[in-house]
C-alpha cells in the first residue's frame, strides 16, 4: 500500500509507471528498476531524474532510445549488453496463418 511505502514497512514493490505518481512517497527508496524505458512518457522520465540523485537506477530495454544510447556512449550512463540467451531458454515460435474472417 502507499502507506507501507511511505512508512518504510514495504521493502519491495512491483508495479507500473503509477509508482512514479505524485501521490506515491517512499521512505528510503534504494533501487529503481525500469523495464522498457521507451514506453515511459516525459513526465515519468522527469520523475526518475529527480529520484536518481539518491537512488540507484537500472534500466532494461531491448530497444534503447537514441538519447539513452548516446549517454551510454559518452560514458554518462553505464551500458551492459546481454549477448547470449539464458540457458534452457525456449525458442521463439512463429506461426503464419491465413486470415479467418469468421472470428
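In the numbering used here, the protein residues as written are 30 to 132. Virtual Cβ for every residue (Gly too), placed ideally from N, Cα, C.
Which of helix, strand or coil does DSSP assign to residue 86? As a position in the chain shown, residue 86 is number 57, starting the count at 1. Reduced to three states, the DSSP call for residue 86 is strand.
Do residue 91 and residue 65 have their beta-carbon atoms positioned less than 9 angstroms apart in this structure? Position 36 of the chain shown, counting from 1, holds the residue named residue 65. Position 62 of the chain shown, counting from 1, holds the residue named residue 91. For residue 65 and residue 91, yes; Cβs fall inside 9 angstroms.
If I measure Cβ to Cβ from residue 84 and keep anything under 8 angstroms in the same chain, skipping five residues before and after, which residues do I get? Sequence index remark: in the chain shown, residue 84 carries index 55 (1-based). Taken in chain order, the residues that qualify are 58, 59, 60 and 61.
Counted within 10 angstroms of its Cβ, other Cβ atoms place residue 76 as buried (16 or more) or exposed: For this step, residue 76 is matched to residue 47 along the chain shown. Its Cβ being crowded by 16 or more others within 10 Å, residue 76 is buried.
Quick one: what's got a C-beta closer than 6 angstroms to residue 54's C-beta in the same chain, skipping five residues either side? As a first step, residue 54 must be located in the chain shown, where it is residue number 25. Contacts found: 35.
What did DSSP end up calling residue 77 once you bin it into helix, strand or coil? As a position in the chain shown, residue 77 is number 48, starting the count at 1. Reduced to three states, the DSSP call for residue 77 is helix.
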